[in-house]
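Worksheet: one structure, shown below.
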Amino acid sequence: MDLLRNGGNILYARYAHADVGDDLPSLDFSNCFTQRNLSQEGRRQAIKYGESLRELNIPVSFPVLVSPFCRTVETALLAFGWPNVQTDAFWHEIYRLDKNLSEEERQSILEAFNFKMEKQPPQGSNYLIIAHSFPEGIGLGPIECMETVIVIPLGEGSGYRVVAKLPLEELMNFKE
67 MDLLRNGGNI
77 LYARYAHADV
87 GDDLPSLDFS
97 NCFTQRNLSQ
107 EGRRQAIKYG
117 ESLRELNIPV
127 SFPVLVSPFC
137 RTVETALLAF
147 GWPNVQTDAF
157 WHEIYRLDKN
167 LSEEERQSIL
177 EAFNFKMEKQ
187 PPQGSNYLII
197 AHSFPEGIGL
207 GPIECMETVI
217 VIPLGEGSGY
227 RVVAKLPLEE
237 LMNFKE
């Protein structure tokens with residue numbers, strides 16, 4: 067946990083458990099009825115996630131960036147509160163990676179993703195992103211609900227290094 071407490075990382079988490087509704091072809095980010103939404107279990111996970119980071123004194127640079135989906139926004143709001151959350155339309159692109167895209171579109175998304183993962187957070191803090199899982203073998207790969215991928219950014223043009231994947235249960239049960 068010292069790695070996280072010292073900052074300098076990007077924490078990329080998948081939203082909490084969502085099994086209510088479906089993402090409709092007429093998906094509208096301003097209408098949660100057109101999307102899959104958090105379950106009660108997901109809401110509990112989101113609250114526990116925020117509590118765990120605070121209890122472990124893991125510094126987060128606000129705002130937390132989230133995909134514009136209702137399930138990602140609600141996850142962040144339950145974990146960190148309204149003034150600490152900002153939607154970023156780019157993170158919707160990660161959701162699109164397992165759709166029928168041209169290789170050019172896929173590469174463009176991954177290049178933009180790599181650029182974002184190279185950005186170093188403020189001294190003594192961690193960036194936090196709550197968005198979507200990746201397809202197998204692409205980006206950060208599959209990510210379970212409320213699992214966090216710990217990324218060390220190596221600076222602009224230098225890439226990033228994935229250090230670990232941290233399931234919510236492991237984060238909640240961490241003992242010094």
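Numbering-wise (the numbering used here), the sequence shown opens with residue 67 and increments by one.
Every residue, glycine too, gets a C-beta built ideally from N, C-alpha and C.
Can you tell me whether residue i is helix, strand or coil according to DSSP?
i: Arg102; result: coil
i: Gln189; result: coil
i: Ala79; result: strand
i: Ile195; result: strand
i: Lys165; result: coil
i: Asp88; result: coil
i: Ile175; result: helix
Would residue i and residue j be called neighbours here (beta carbons separated by less than 7 Å)?
i: Pro219; j: Ile76; result: yes
i: Arg102; j: Asp88; result: yes
i: Leu144; j: Arg172; result: no
i: Ala79; j: Cys211; result: no
i: Thr141; j: Ile216; result: no
i: Arg137; j: Ala84; result: yes
Rounded C-beta distance between residue i and residue j? I'm assuming under 8 Å.
i: Gly73; j: Pro208; result: Wrong, their Cβ atoms sit about 27 Å apart, outside the cutoff.
i: Gly221; j: Asn180; result: Not quite, the Cβ-Cβ distance comes to about 12 Å (not below 8 Å), so this is no contact.
i: Ser133; j: His158; result: 5 Å
i: Val130; j: Leu206; result: Contact flag wrong, Cβ pair sits at about 17 Å.
i: Gly116; j: Phe146; result: 5 Å
Could you check whether the Cβ of residue i sits closer than 7 Å to any Cβ belonging to chain C?
i: Val217; result: Note that chain C does not occur in the displayed structure, where there is just one protein chain.
When you measure from the CB of residue i to every non-hydrogen atom of the ligand NAD, does any distance come out below 6 Å?
i: Ser174; result: Among the components of this structure there are no ligands whatsoever, and the ligand NAD is therefore not found.
Residue ranges of each beta strand (DSSP E) run of no fewer than 3 residues wholly in the region 120-151, ordered along the chain?
130-132
Touch check for the region 191-200 and the region 151-168: three-plus C-beta pairs under 8 Å?
yes
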